[in-house]
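Comments concern the structure below.
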Amino acid sequence: MTTNPKPAYRRILLKLSGEALMGDEGFGIDPKVLDRMAQEIKELVEMGIQVG
Numbered sequence: 015m016t017t018n019p020k021p022a023y024r025r026i027l028l029k030l031s032g033e034a035l036m037g038d039e040g041f042g043i044d045p046k047v048l049d050r051m052a053q054e055i056k057e058l059v060e061m062g063i064q065v066g
């Protein structure tokens with residue numbers, strides 16, 4: 015059994031830009047990009063990291 019190392023940070027502050035959310039379309043919010051970001055944020059929270 016392997017254990018996960020302790021995260022380097024307890025808290026992080028994210029700045030999500032519209033440009034990062036638009037994907038390949040060039041406008042609007044791409045639902046696939048938004049879902050991926052939400053999943054990654056969820057994983058951070060499950061690790062005990064406070065996300066703001």
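All letters in the sequence shown, in the order written, are residues 15 to 66 by my numbering.
The beta-carbon is built from N, C-alpha and C at its ideal position, and this holds for glycine as well.
Computed from a predicted model, the values in this text were never measured in an experiment.
Asked, Found
"Contact check, R24 vs G62, beta carbons under 9 Å", "yes"
"Endpoints, alpha helix (DSSP H) assigned at K56", "P45 to E60"
"Residue from R50, I26, L27 and P21 with nearest C-alpha to M36", "R50"
"Counterpart residues of R25 in DSSP-defined beta bridges", "Q64"
"Through-space distance from P19 to L48, alpha-carbon basis", "28 Å"
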